[in-house]
Structure formats: structure tokens, C-alpha cells
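Novice: Got a structure for you, questions after.
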Amino acid sequence: MRKVKPIIALLTDFGEDDWFVASTKGVIKSINPDVEIVDITHNIKSHSISDGAFVLYNAYSYFPEKTIFIAVVDPGVGSSRKMILIKTKKYFFIAPDNGLLTYIIKENPKCEIISIENKKYFLSEVSSTFHGRDIFSPVAAYLSKDYKIEKFGKKLRKPVILDIQDAKIEKNVITAPILYIDKFGNLIINIKKNEFSNVLKLKEIKNKSDKEILACQTPLKSSYADVEEGEVVAYWGSSEFLEIGINQASAAKKFNLKVGDVIKLKV
Amino acid sequence: MRKVKPIIALLTDFGEDDWFVASTKGVIKSINPDVEIVDITHNIKSHSISDGAFVLYNAYSYFPEKTIFIAVVDPGVGSSRKMILIKTKKYFFIAPDNGLLTYIIKENPKCEIISIENKKYFLSEVSSTFHGRDIFSPVAAYLSKDYKIEKFGKKLRKPVILDIQDAKIEKNVITAPILYIDKFGNLIINIKKNEFSNVLKLKEIKNKSDKEILACQTPLKSSYADVEEGEVVAYWGSSEFLEIGINQASAAKKFNLKVGDVIKLKV
Amino acid sequence: MRKVKPIIALLTDFGEDDWFVASTKGVIKSINPDVEIVDITHNIKSHSISDGAFVLYNAYSYFPEKTIFIAVVDPGVGSSRKMILIKTKKYFFIAPDNGLLTYIIKENPKCEIISIENKKYFLSEVSSTFHGRDIFSPVAAYLSKDYKIEKFGKKLRKPVILDIQDAKIEKNVITAPILYIDKFGNLIINIKKNEFSNVLKLKEIKNKSDKEILACQTPLKSSYADVEEGEVVAYWGSSEFLEIGINQASAAKKFNLKVGDVIKLKV
Chain W
5 MRKVKPIIAL
15 LTDFGEDDWF
25 VASTKGVIKS
35 INPDVEIVDI
45 THNIKSHSIS
55 DGAFVLYNAY
65 SYFPEKTIFI
75 AVVDPGVGSS
85 RKMILIKTKK
95 YFFIAPDNGL
105 LTYIIKENPK
115 CEIISIENKK
125 YFLSEVSSTF
135 HGRDIFSPVA
145 AYLSKDYKIE
155 KFGKKLRKPV
165 ILDIQDAKIE
175 KNVITAPILY
185 IDKFGNLIIN
195 IKKNEFSNVL
205 KLKEIKNKSD
215 KEILACQTPL
225 KSSYADVEEG
235 EVVAYWGSSE
245 FLEIGINQAS
255 AAKKFNLKVG
265 DVIKLKV
Chain A
5 MRKVKPIIAL
15 LTDFGEDDWF
25 VASTKGVIKS
35 INPDVEIVDI
45 THNIKSHSIS
55 DGAFVLYNAY
65 SYFPEKTIFI
75 AVVDPGVGSS
85 RKMILIKTKK
95 YFFIAPDNGL
105 LTYIIKENPK
115 CEIISIENKK
125 YFLSEVSSTF
135 HGRDIFSPVA
145 AYLSKDYKIE
155 KFGKKLRKPV
165 ILDIQDAKIE
175 KNVITAPILY
185 IDKFGNLIIN
195 IKKNEFSNVL
205 KLKEIKNKSD
215 KEILACQTPL
225 KSSYADVEEG
235 EVVAYWGSSE
245 FLEIGINQAS
255 AAKKFNLKVG
265 DVIKLKV
Chain D
5 MRKVKPIIAL
15 LTDFGEDDWF
25 VASTKGVIKS
35 INPDVEIVDI
45 THNIKSHSIS
55 DGAFVLYNAY
65 SYFPEKTIFI
75 AVVDPGVGSS
85 RKMILIKTKK
95 YFFIAPDNGL
105 LTYIIKENPK
115 CEIISIENKK
125 YFLSEVSSTF
135 HGRDIFSPVA
145 AYLSKDYKIE
155 KFGKKLRKPV
165 ILDIQDAKIE
175 KNVITAPILY
185 IDKFGNLIIN
195 IKKNEFSNVL
205 KLKEIKNKSD
215 KEILACQTPL
225 KSSYADVEEG
235 EVVAYWGSSE
245 FLEIGINQAS
255 AAKKFNLKVG
265 DVIKLKV
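Chains as they are written, first to last, in our numbering: chain W, 5 to 271; chain A, 5 to 271; chain D, 5 to 271.
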């Protein structure tokens, strides 16, 4: 049987302008030249753990089995924050223990969680500001050589989990926060298709202050193409959450909304 | 004979900040782990079909034979717009049928064109907003496994072609549109070297209103280095079109010009 | 023995929006399909040789032996500037001869330097503005096939070297320039850990005019996490230089400083 190259997928807030990503990749290739590296993104907003968590969540399940994900959005680097290695049924995840793997842990409640501690698998000199290069990368590279997860540290019981507000439905109003704003300015709302897909008659979309009607719409559309240029549209997005967008424009800019803001929907 | 890995090259307007590119790559690698993915760019201006078409046109011919290009700039996603698969003598191209392959079709008039319709090669659940992940990627991945193009759909006779204004020469004035503005702010004009290279004495460069002389120059220079910093220069660019640039500055910004604007050149 | 794929690593100021990087990669893969291409960055500030030199310097030593680096920040393209190929004990470097390899040459004083001149290894048509595609890429691709460096040209004695101001210590004040500003806005100062690590009591950080105290601090901290959000912090950075940053904000923006500006530190 021909062996398939293991994949290490990277998600960081390092940006693409400096040497951070490159030295990370160099470390990986020096330890395991046979690994294939795929970038998820390096443009997570600096220090935004919630953005990083959401992007990773939307990308990971499309990757081949055994993919190793390194996620580094790490404002606490150099502090006493822990570092974790998670093994789910299909994948491995390596990250600081700061909530970045919240969605992964929630979707994979039976996953094994290790606190990364064994310095044998770190670079020999560990800086206090760049654990992506000095710890996460070598750990991932050794893991890609089929090292057992127990080698890297001890079991961890209580990883850090982000507090994400659930959608609430009262009378005929759903209240839910914006989880993410994508590059087109579409608002991704914490309303999941599999829980709310029966709520088909979306009547009005309002912001929290309840003063402004963002849009009236019955029923949900299926994509931008169903409305005119510049018109507001709500639809089940490709990540299975409700999205509110504007055909060929940014809903986030137009309504001046940001991640965490709460939206009210009359249904 | 050792087998060379097939290449899938990606051009999109997805940006590099979200999970769009990563899930696309994950889908490809899940279907064909042996394929090599090369990014052309993911930073085409949102929904700008003409920019996407021009960038693809300038990149493709440098790739190895059999490369499969996926191009996704797709404002009509979810509408009834078709999707096409093109086979030229050397390459394959997959894209929405919206003009994105205009230059490819013009340069390869004998290419075979298929309307992508066979759902057998799509992801099992197709979203209405993300055909890059759900349709174009799996089709490309199966194609990279040497599936015949006829498997994916029926022949298409009339693909959508962008209307690009040709250069006109009247008396001693050439009129032609700006096709593209690169990251240095250089203006790439629809004046091809192989048709106009005899027009060596470029006397004046004017904007459409004919009021402003952008530059006087005799003859054409060969590069920025031929003029002082801050000086305007016209030269045959690396993509074989006439370019107007400013040494170490942006011509687009200085002259406030955009793609589609028409330039007049006294020769 | 299984053969490991050679790596070609790319650093340019091409940006990621156009076709420049892609055609470069296409050329490499067409000549040597077996090579693996790794991006360092393509976002060096346009024409900034000093930024390019510093980023390359911080990335290169983490790569596997025999990696071939192509560095292209080339405002003099098309002029009579030379092009160089450098062989150090572990690596190869290909670049215009404009100072981009300054740190590499200083760290590897015994390296061999070749002036790239043999047109046999260029593309058949060489544009005057895009030597990245037409010269540097094919030369790197042939080099990755184990061609000897002597094939590409003659020895060069005096490559161009950037003039970088050394740190000076007078009485209890160290004066040194900012070498680089990273994406977090951290100031990387030309004060090396191995020369100045005994200077532990950093008392005041001032700008050149000596009028403004940027920060008071005793002793050096080890990372952002040691100070409150918004507070200034000086620490030995991951590249072994002194860095001045602000926890969760940009020091460069706050103090309005740029590369080349000189900083004074009371110790």
C-alpha cells in the first residue's frame, strides 16, 4: 500500500508579512520532510481567539483523516497558560489552552486532551514569545511521525472553553449573537440550520436596540442571487448558520455591527 | 517512468482571512491526496470577473502541462448561471460560466467546453453560496484522477465572453482601455506588443478627456530603471502589454485611473 | 535511501494579488516538478530591500539543509545591477545584488558568491521587468536538480552590502536603530542578545530627540504577558534582538516610529 503524506494544517494570527509562518514551516520540514503543510489562514485578527476558533471550526471537517491542525492565536504566550493536544476520532489539534478549540471540543465530546509538557519535543531553546515555532511546530512534526499522544504530556480534564451565547427564542423573536463576519461583510449568526430550519418565515431583522429594522423578508432566500444588488438577504450559509448579507456589499459596514453584537429576528 | 503529481492551481476572490480556501483544499486532498495544490491568488477584488480573468490569463501558460485551474469569482452563485470545464491542448479550466475564462477561450479557440452538470462528482450536500467547495473542488479532484471530461456534463456551445474593447489607431492616436492595475499601481493597457511593437515613438500619453498629458516620452523605455524616481514611464510589460508606471510610485493613484478607463496615446 | 524533495523558498515584494508569484511557481514546477515550494512572504513592502533582508535573515536558519532561497526585492530590475547566487555551508541563495543578502553574507563570511550570467539557464525570452520569473526561478529550478553553482556564472568578489548602524554604548546609554517593525507593531532594535544580555537593568527608553521617555522598566520582561494590556514592554524577542512592544497594541503606531529611526536606552 502506498503511503499518503500526512498533512499539517496551520491557522494563526501571525500575518503573512514577517518570518513567523516561514520559520514555523521550516521547523516542521526539518523534523519531518515528508509532511505536507496546508495553510488555513494566518490572518486571524491579532489576538482574536473567537475568530480563530470559528474559522478552524468551519475548515477542519473537510480535511482528510489524520490531519494535524496547529492553531496559534496566543495573547497569553509566555504566561502560565497551558498548551493542549487533542485527539478526536479523525484528527489531531495543537493549540494554546485559551478557548481556541472550543467548537472542536463541543463537537467531539469524547476527544482525548493532553497538556503539552514534554520538553524533549520542543526546540532546544524556547523563546518566551514564539511558541508557534519553538513548541507547537516540533510537537506537530513529531506527531506526524506517528508518535503516541501520551508522549507529549499528561491528560488534562478541564480545558478552557469560550462562553458563546446560545440563540434564544421567545414568542416570535429569536435573539442571537454574531459569531463571525466574513470577508464579504456577511454576518454569521449563532442560529444553526439543524435547530431552526423550521423557522422559515423570517419577517424582520432588527439590531439589539430594537430601533432599526435591518430587513424584511419572507421567506428565507437561498443566496445573494435571489435579491437585487444592494439589497439585504438572509439565508442559510455554507457553514450551516444563518447569515445576513447584502448582494455585492458589506452588511457589517452598512449596519455598523461587529462580532458579539446581538441580533433580533422576528419570525 | 516515475509519475509526476498532478497540479491543481486555484484563483479566487475568497480572500485569505476565512475558511473558504482551506475547506476547498481539504475537499481536494480528501478525494485525491496525491494532487499538489498551488495558489495563484485568492485576492481578486470581490466579484471582479474582469480582474480574475486577466490574472488567470497572465499566469496559466507558465504552468506544467496537464495543470487543472480552478477559477472562482462568482457573484451569480446560486443563480441559474452555468458552470464550465474547458480542455485546451495543454490544460484544464473549471469556472462559473460568467466570462472568467474569456482570455483562455480566445487564445485557445479549439478548446472543448463542457457544461458541468453531473451531480455524482459534487459533494453530497451542495450549499447555494459555496460552489467552490461543493462543486468546483471535487470536480477538479476527480479530473486530476484522469476521469474523462465527458463524465462531468454535456458540450456547451456558447460560453459567456467578456466584452473587451480593442485598441484602435486613428491618425497618430491609439485609444485603448486599461485592462488591469497591478499592485505597484502600474496601468496595463490593451495594447499588445506583437501588434503594436512597431509603434516605438510614443510621444504623449493622455487620459480620455484629452485634457491632461500624463507623460511625454520618445522612445519607449525598457523598464523603471530607465527613468528617475517619481518619473512616468511607458514600456512593454512582462505580460506583453503596454504598461504605464511611475518609478517607485503608483500611476493609478497619481492619475486617479481605474480598470476600464480609456487611455489615448499620441504616437 | 529514500530521496527527500528539495525545497525552494520564496521571499518577494510581489504581493499576493497578481500573477507574479504564480508564474514564478509555474516556471519552477515546469523545470523541476519534484521540487517543493515554500512561501516565506510576498508582502515585503514594495522596493524595501532592508525589510526583505531582515525577514530572510530571521527565517532561513530554520529550514532543512540544501534549501534554495529566492529573494526578490528588486527596484533596479532592468538596470545593470548584478544578480547573485550564494552557497553557504547549508543553503543556497539567489537574489539581485542590491544588499538583500547582507545578513546572510555577514553570518556566512566563507560563502561562495557567483554572479549569475549564463543565459542558458534563463527563460528564452527575458523581460526587462520580471527577472523573478524569467531568471531567478529557472536558475533555482536547475540548481535544485543538483547543477553545480559554477555553471551559472563567475565568482563575484564584492557583493553589495547594506550599511546597518551598529548599537553604540556610551556611559549608560545605548543608541541603536530600529531594524524592523513586525505586524504587531513591535519595534525590533539592533541590540543583539548575545552582545548585550548583561545589560539587564533597562531604565528608560527614549526616542532620538531625547525628549520623550517611551517607557521605564527594570528589569527586562520576558514577554507581553508580564505587563498589563496597553503597557510598554521591552524584551529579548524570538529573533534574539531587543524588542519594544505594547501588550495588545502597536508600539510603532503609538510612538510614530519607523525602520531606521534611532532609539536611546538608558541602562
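Heads up, the beta-carbon is just placed ideally off N, CA and C, and yes, glycines get one too.
Predicted, not measured: the structure shown is a model, and the values here were computed from it.
1) What does DSSP give as the partner residue(s) for A:L147 in the beta ladder?
2) Taking A:S65 as the reference, which of D:V77, D:I153, D:W23, D:V237 has the closest Cα?
3) Spatial neighbours of D:H135 within its chain, please: C-beta separation below 6 Å, excluding the five flanking residues on both sides.
4) Rounded to whole angstroms, what is the Cα-Cα separation between D:K158 and D:I118?
5) Could you give the distance in angstroms between the alpha-carbon of A:P10 and the alpha-carbon of A:Y151?
6) Which parts of the segment 18-48 of chain D are runs of the beta strand (DSSP E), unbroken and 3 residues or longer, counting only runs that do not cross its ends?
7) Following the continuous beta strand (DSSP E) through A:N194, name the residue where it begins and the one where it ends.
8) List the endpoints of the continuous alpha helix (DSSP H) containing A:F73.
9) What distance in whole Å lies between the Cβ atoms of A:F73 and A:A13, which are believed to be in contact at a cut-off of 8 Å?
10) Strictly below 8 Å CB to CB, what residues from chain A border D:P37?
11) Under a Cβ-count criterion, where at least 16 other Cβ atoms within 10 Å of its own Cβ denotes burial, should D:D138 be classed as buried or exposed?
12) Residue range of the alpha helix (DSSP H) that D:V59 falls in?
13) So who's on the other strand from A:F96, going by DSSP bridges?
14) Just confirm the distance between the C-beta atoms of W:D4 and W:N194, as a whole number of angstroms; I'd bet it's less than 8 Å.
15) Going along the chain, which residues of its own chain have a beta-carbon closer than 8 Å to the beta-carbon of D:N251, five neighbours each way excluded?
16) So which residues on chain W does D:V42 lean against when the C-beta distance must stay under 9 Å?
17) Which residues in chain A sit within 7 Å of W:N198, going by Cβ to Cβ distance?
18) Roughly how many angstroms separate the alpha carbons of W:F259 and A:S34, rounded to a whole number?
19) Based on the DSSP output, what are the partners of A:V177 in its beta bridges?
20) Going along the segment 124-156 of chain W in order, which residues come within less than 8 Å of chain D, judged by CB to CB distance?
21) Throw me the rounded Cβ distance for the D:I44 and D:K29 pair, which I believe falls under 8 Å.
22) Output, in chain order, the set of chain E residues within a Cβ distance shorter than 9 Å of W:Q252.
23) Is any beta-carbon of chain W found at less than 8 Å from that of D:Y107?
24) Under the DSSP definition of a beta bridge, which residues are partnered with A:K158?
25) Whole angstroms are fine: how far does the CA of A:N176 sit from the CA of A:E111?
26) Relative to the ligand GTP, is the shortest distance from any of its heavy atoms to the C-beta of D:A180 smaller than 7 Å?
27) Would you mind stating whether W:A75 and W:I88 have Cβ atoms separated by less than 8 Å?
28) State yes or no: is the C-beta of A:E129 within less than 8 Å of the C-beta of A:N190?
29) Closer than 7 Å, Cβ to any Cβ of chain A: which residues of the segment 174-197 of chain W, in chain order?
30) Quick one: Cα of W:F126 to Cα of W:I32, how far?
31) Would you decide whether A:E199 is buried or exposed? Buried here means 16 or more other CB atoms lie within 10 Å of its CB.
32) What whole-angstrom Cβ distance do A:I182 and A:V263 have, given they're in contact under 8 Å?
33) By DSSP's criteria, W:A238 is part of a beta bridge. Which residues make up the other side?
34) According to the neighbour-count rule (16 or more other Cβ atoms, all chains shown, within 10 Å of its Cβ), is D:D55 buried or exposed?
35) Do you know offhand how far D:E116's Cα is from A:T71's?
36) Apply the 10 Å Cβ neighbour rule to W:V39 and answer buried if 16 or more other Cβ atoms are within range, or exposed otherwise.
Specialist: Checking against the coordinates, here is how it stands:
1) None; A:L147 has no bridge partner.
2) D:W23
3) V81
4) 5 Å
5) 13 Å
6) 40-45
7) 191-196
8) Unbroken run through A:F73 is the beta strand (DSSP E), 72-76; no alpha helix (DSSP H).
9) 5 Å
10) V8, K9, P68
11) buried
12) 53-63
13) A:I72, A:K91
14) Residue numbering for chain W in the displayed model covers 5 to 271; residue 4 of chain W lies beyond these limits and cannot be assessed.
15) Y228, A229, V231, E232, E233, G234, E235, V237
16) A26, K29, G30, K33, I41
17) Those within 7 Å of W:N198 in chain A number zero; the least Cβ separation is about 12 Å.
18) 39 Å
19) A:E174, A:K270
20) S131, S132, T133, F134, R137, D138
21) D:I44 to D:K29, Cβ: 13 Å. No contact.
22) Absent from the structure: chain E. Protein chains present are W, A and D.
23) no
24) A:S119
25) 29 Å
26) Absence of the ligand GTP is noted for the structure shown, with no ligands found whatsoever.
27) no
28) no
29) D186, K187, F188
30) 11 Å
31) exposed
32) 5 Å
33) W:I248
34) buried
35) 37 Å
36) buried
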